[in-house]
Amino acid sequence: MTDPRQSGKRAAARAAADEVRSHTKIGLGTGSTVAFALERLAERQRDEGLAFVGVPTSEATAKRATELGITLTTLEEAGKLDLTIDGADEVDPALHLVKGGGGALTREKIVAAASDRFLVIVDGTKLVPHLGATFRLPIEVLPFAWPVTARHVEELGLPNVLRTGADGEPYRTDNGNFILDATLPPVEDLAALEAGLDTIPGVVECGLFLGMADRVYVGEANGATRVIEAGAPA
Ligand code: 5RP
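Numbering (the numbering used here), first residue to last: 337 to 570.
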């Protein structure tokens, strides 16, 4: 039997991938939902002659896109992107996001910020009443003296744990850094929290994506997709 979450992810990913037009530069996010978008983009490239170049946000996405025959470039080369398609771990009613479950948050944020439009693809379980309701906030930190950085993050009201891999060793991002996964209580001023995190020496980036999403595609188990536009009444 098909997993309803997978069906939702696939539906959202395909709907967003169908928005891509020819002769565009597209940011390619990271994760299992994006994997469905890559497949749809490759299918359109083959069947319709869709012409685009992709900027991957992780080594994993670069590998999968290359396997599918998608032409890649770098953000340095592209400069500015028409569109980025990426997943999320949580989406709140204002379309603020938590991202970084796949550890690619820093590159994802740089790529999304370089895009004219940022399309987010999720299954319905990612919609939450407030950020932190179901997922911890990933924070990429330099390995150097990371326990000191972790203490400063905790002093900001965010208890956290170092992410480890299956081997028990610290998880390393594509940038060679560590990830702290922080418990995020309901916060009134998310922008102030993000600004506070940004001032901690050793913090590279946090997984708060505030006011960045232009559109969220929410895939349902039955294959239907609902689109939520930024700024539209809830
Ligand atoms: C990776 C991310 C992903 O977009 C997020 O974790 C969602 O992943 P998935 O599509 O596998 O549920 O932020 O850093």
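C-beta: ideal position from N, C-alpha, C; glycine also. These figures come from a predicted structure and were not determined experimentally.
When DSSP builds the beta bridges, which residues end up paired with residue i?
| i | result |
| --- | --- |
| residue 361 | 389 |
| residue 564 | 552 |
| residue 517 | 474, 497 |
| residue 426 | 434 |
| residue 541 | 476 |
| residue 483 | None; residue 483 has no bridge partner. |
| residue 420 | 363, 454 |
| residue 463 | 427 |
| residue 408 | 390 |
Would you mind giving the Cβ-Cβ distance between residue i and residue j, rounded to the nearest angstrom? I have them listed as a contact below 8 Å.
| i | j | result |
| --- | --- | --- |
| residue 492 | residue 532 | 5 Å |
| residue 423 | residue 365 | 6 Å |
| residue 428 | residue 464 | 6 Å |
| residue 517 | residue 539 | Not confirmed; about 14 Å, so no contact. |
| residue 514 | residue 433 | Residue 514 to residue 433, Cβ: 21 Å. No contact. |
| residue 350 | residue 382 | Actually they do not touch by this definition, with Cβ atoms about 15 Å apart. |
| residue 417 | residue 446 | Not confirmed; about 11 Å, so no contact. |
| residue 472 | residue 520 | 7 Å |
| residue 363 | residue 404 | Wrong, their Cβ atoms sit about 16 Å apart, outside the cutoff. |
| residue 490 | residue 541 | At roughly 18 Å, the Cβ-Cβ gap does not stay under 8 Å, so residue 490 and residue 541 are not in contact. |
| residue 431 | residue 536 | Not confirmed; about 26 Å, so no contact. |
So does residue i have its beta carbon nearer than 8 Å to some heavy atom of the ligand 5RP?
| i | result |
| --- | --- |
| residue 394 | yes |
| residue 370 | yes |
| residue 399 | no |
| residue 366 | yes |
| residue 422 | yes |
| residue 436 | yes |
| residue 440 | yes |
| residue 468 | no |
| residue 375 | no |
| residue 474 | yes |
| residue 462 | yes |
| residue 361 | no |
| residue 534 | no |
| residue 444 | yes |
| residue 510 | no |
| residue 555 | no |
| residue 428 | no |
| residue 345 | yes |
| residue 550 | no |
| residue 452 | no |
| residue 543 | yes |
| residue 525 | no |
| residue 339 | no |
| residue 503 | no |
| residue 383 | no |
| residue 517 | no |
| residue 425 | yes |
Over the uninterrupted beta strand (DSSP E) stretch that includes residue i, give me the two end residues.
| i | result |
| --- | --- |
| residue 474 | 473-477 |
| residue 453 | 451-459 |
The alpha helix (DSSP H) with residue i in it runs from where to where?
| i | result |
| --- | --- |
| residue 397 | 395-403 |
| residue 523 | Taken as a continuous stretch (DSSP letters only), residue 523 belongs to no alpha helix (DSSP H), as it is neither H nor E. |
| residue 341 | 340-353 |
| residue 492 | Careful: residue 492 lies outside any alpha helix (DSSP H) and carries neither H nor E. |
| residue 370 | 368-384 |
| residue 505 | Element bounds for residue 505: n/a, residue is neither H nor E. |
| residue 414 | 411-414 |
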